[in-house]
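Before any comments, here is the structure.
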Amino acid sequence: MRLKNIAGCRSVNEFVSMKLRKLEECGPHFEGIFELMFSERENIFYEKSEGYRIRKITYGESRDRILRRAEMLEKLLSDVPKDAVIGIYMDNNLTWLELFWTVLCAGYSPLLMNLRLDDAALEQAIRSADVKAVLSNGKTFSVRTISPDQVAGSEGTPEKKIESGSFGTVFYVMSSGTSSHVKICGYTAAELFSLIKDSADIVRNCRRIKMHCNGELKLLTFLPFYHIFGLVAVYMWFAFFSRTFVELGDMSPRTLLTTIKRHKVTHIFAVPLFWDTVYEQAVRTIGERGEKTSARFEKGLRLSVKLGGTGFGRIFRKLAMKEVRDGLFGESIAFMITGGGHIRREVLEFFNGIGYHLANGYGMTEIGISSVEQSEDLKTLCSGSVGRPMTSMEYKVDESGELIVRGTAMSRFIITDGEKTENTGWFHTHDLAEEKNGRYYILGRQDDLMVGASGENLNPNLYEERLRLPNVKNVCLIDAAQGKRALAEEGTEPSVSAEPVLLVSLNRYLAKETLQALDAALKEKLREMNLAAEVRGIVYVSDELIQGEEFKLNRARLAKDYAAGRLHTLDPETGNAPEEHDALLERIRALYAEALGKEIGEIGYTEDFFLDAGGTSLDYFAMVSELQKEFGVVFPVQEGKSLNTLKEIYEFVRNEGNGGPVR
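For what it's worth, this note's numbering labels the leading residue of the sequence shown as 38, then goes sequentially.
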């Protein structure tokens, strides 16, 4: 089936070439990009589930609404000079997509405000960029704050006309950072022009990115639009070619899977944390079906990866891995990208090995999206390569191993603490990289390098992946000295020595014997990797290493929290304190009672779930599901008959910990 809605063209490539030809004719102006983006007016721009029905909005409907909003915004800001900076502070939704163009169309320059930053950082950004007003759905700022409802506009044909020079000249994207070091990167239409042209190269070079389902190509609105990856790789790349966006109501796993399957989503772009979480859950689910099923899957996955991109390999994945895909995203998914941080090889092998296509990409707030692995070869996809630089970009690895880049798609300028700097020449990414046969591999951050006990430099990204043993939720090699320095700047006395430390996150209810076995296994791993003399301590903690709105390890924060003694440590010699054992028991008792619809006090330590308490199989499996989700245990169904009392379940969870004993 051919792709629908490509303006009468015979192929996707012909359609893309036609759009780019028109883009070249109108030149690098926001007005021209806007008109071309919304020129296929009957195409579906946005879909969202509303109860039992799916609401669809066309590009034409959205364009008219943008123009009406722009009329209202101009009236509300009649006292504000044109090209002034107007902030947008909202979660992903249709209104956000429309407000981006509303601000530009009204003659102003939008600042895309990062929802992950705290109030101090946001107010600092407002001062640095001289923001005159903020369009905000709920939050109030120190400058004029306008609700999106105030710029809804009246129904009917908009009176506003698109004229040359009537749009704002810049859009601003905020980086993540502390309240005193937020970077604000300014992009003009010229840089957006290059970024859009780069996306067309991927369409020409990679067959999978233009694949569709039932003639339609749909993207999930997962990445935040205020982030450079969400704005460019999702919104700009695909809206310019008039594709459809599907709203994700919330981030719950159930909503995610339901949305993908109901709307037949074809493209998902996300950060490594997302893929890692889905991978861990999938492996756990397969493990719950028994050792034979798990072993059979692992054997099949190894064979799939070994067969690579051969014709037989593709047939094998299509047939042998269908059940696994059905349990995840289904069959509509055609193309997926990960970006924004390191992704484990085993995660890439899982998704590509079961028949999806997961490519690694690279970019930064300061340089836009500068490369994506475009190969369809499975071995290359699983290697972790971020591909070759886009047509508009140039890469180079300098003598220190740092990746430096330049090109026409980078931000025009960068504002830091109110100081504006032109972003010209080679940009220093502070990422360590290597080049192999024209492809680039990101090895980690220069900032992450630390000095080991022997004086040798350590790159934690090269080791952490190999230290994720059974029962380990996450690991992070930190520089305790960095944490001490951060506390010293605040005038706080640190409580630890200044040496490299391996933080290991575990379930706090792990049994003493299991914890000791894990400790021995990790120390042996460090010896195998020649790190025993470099890393002077392993610190076991019950804290999640990635917290709140973080989407990757924040080494600086973890080093600071460790130095300040804010982490909750576990001792392999003594295990958990008795009161924590009791806390585990009471939590399981609460879940036991909830499943049965009883009060906690009614649950006896040795009463049988079925014979004494009157529970049903449905009640039992509801409880097991919650236990697995909360404590990370693999709860084999076939063992259920022997785990019917609170005592048996408590001892099982305590022994299994976060995924089973170390072997």
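Built from N, CA and C at the ideal position, the CB exists for glycine as well.
Enumerate in chain order the residues of its own chain whose CB-to-CB distance from residue i is below 6 Å, with the five nearest sequence positions on each side excluded.
i: Gly-88; result: none
i: Gln-675; result: At Gln-675, the pLDDT of 48 sits below 50, so the modelled position is not reliable and the matter cannot be decided from this model.
i: Gly-652; result: Leu-633 and Phe-646
i: Ile-43; result: Phe-52
i: Tyr-687; result: Leu-622 and Ile-625
i: Leu-136; result: Ile-125 and Leu-172
i: Gly-481; result: Leu-469, Asn-496 and Asn-498
With distances taken between CB atoms, is the gap from residue i to residue j smaller than 9 Å?
i: Phe-689; j: Leu-310; result: no
i: Ala-446; j: Asp-235; result: yes
i: Ser-448; j: Met-427; result: no
i: Asp-516; j: Asn-498; result: no
i: Phe-208; j: Leu-149; result: yes
i: Val-572; j: Val-538; result: yes
i: Ile-81; j: Lys-93; result: yes
i: Trp-138; j: Phe-52; result: no
i: Ala-627; j: Ile-637; result: yes
i: Pro-609; j: Leu-552; result: yes
i: Ala-189; j: Met-109; result: yes
i: Val-240; j: Phe-266; result: no
i: Ser-420; j: Leu-385; result: yes
i: Glu-413; j: Gly-346; result: yes
i: Gly-64; j: Glu-79; result: no
i: Ser-201; j: Phe-75; result: no
i: Arg-382; j: Asp-313; result: no
Give a yes or no on whether the minimum CB-CB distance between residue i and chain B is below 9 Å.
i: Gly-400; result: No chain B appears in this structure, which consists of one protein chain only.
Reducing DSSP to helix, strand and coil, say where residue i ends up.
i: Val-419; result: The identity of residue 419 in the sequence shown is Cys, whereas the question assumes Val. Helix, per DSSP.
i: Arg-626; result: helix
i: Gly-697; result: In this prediction, Gly-697 has a pLDDT of 42, which is less than 50 and means its spatial position is unreliable; what the coordinates show is noted afterwards. Gly-697 falls in the coil class under three-state DSSP.
i: Ala-396; result: strand
i: Thr-402; result: coil
i: Ile-323; result: helix
i: Cys-513; result: strand
i: Ile-452; result: strand
i: Thr-314; result: helix
i: Asp-363; result: helix
i: Ser-191; result: coil
i: Ser-289; result: coil
i: Met-7; result: What the structure shows of the chain is the stretch from 38 to 700, and residue 7 is not part of that stretch, so it cannot be assessed.
i: Asn-494; result: strand
i: Met-373; result: strand
i: Cys-46; result: coil
i: Cys-10; result: This structure does not reach residue 10, given that the chain is present from 38 up to 700, and the question cannot be answered.
i: Arg-476; result: strand
i: Ser-542; result: strand
i: Ala-166; result: coil
Enumerate in chain order the residues of its own chain whose CB-to-CB distance from residue i is below 8 Å, with the five nearest sequence positions on each side excluded.
i: Thr-303; result: Met-248, His-249, Cys-250, Glu-253, Leu-254, Lys-255, Leu-256, Ser-369, Ile-370, Ala-371 and Phe-372
i: Ser-203; result: Glu-68, Cys-142 and Gly-144
i: Phe-387; result: Tyr-316, Ala-319, Val-320 and Leu-338
i: Leu-440; result: Tyr-432, Lys-433, Val-434, Thr-466, Asp-468, Leu-469, Ala-470, Tyr-477 and Ile-479
i: Thr-643; result: Thr-682, Leu-683 and Lys-684
i: Leu-159; result: Tyr-126, Met-150, Asn-151 and Phe-178
i: Arg-245; result: Ala-371, Phe-372, His-394 and Glu-413
i: Lys-355; result: Gly-392
i: Lys-510; result: Ser-542, Leu-543, Asn-544, Glu-581, Leu-582, Gly-669 and Asn-695
Tell me which residues share the same chain as residue i and place their Cβ nearer than 7 Å to its Cβ, disregarding the 5 neighbours each side in the sequence.
i: Thr-132; result: Pro-185
i: Met-566; result: Tyr-500 and Arg-503
i: Leu-232; result: Val-269, Met-273, Gly-405, Ile-406 and Ala-446
i: Asp-645; result: Asn-681 and Thr-682
i: Val-488; result: Asn-494
i: Asp-598; result: Leu-604
i: Lys-59; result: Leu-73
I'd like to confirm the pairing. Which residues does DSSP put opposite residue i in its beta bridges?
i: Pro-147; result: Ile-123
i: Leu-172; result: Ile-125 and Ile-183
i: His-465; result: Ile-441
i: Tyr-83; result: Ile-94 and Phe-282
i: Leu-607; result: Tyr-577
i: Tyr-432; result: Val-442
i: Gly-24; result: Outside the displayed span of the chain (38 to 700) sits residue 24, for which this structure offers no information.
i: Val-671; result: In DSSP, Val-671 forms no bridge with anything.
i: Asp-645; result: Thr-682
i: Leu-255; result: One point to set straight first is that residue 255 is Lys, not Leu, in the sequence displayed. DSSP, once it has assigned bridges, lists Thr-281 as partnering Lys-255.
i: His-304; result: Leu-256 and Phe-372
Consider the C-beta atom of residue i and the heavy atoms of the ligand FMN; say whether any pair is separated by less than 8 Å.
i: Gly-462; result: Looking for the ligand FMN in the displayed structure turns up nothing, as the structure carries no ligands at all.
query: What are the complete beta strand (DSSP E) segments, minimum 3 residues, inside the segment 202–228?
result: Here the runs fully enclosed are 207–211 and 220–225.
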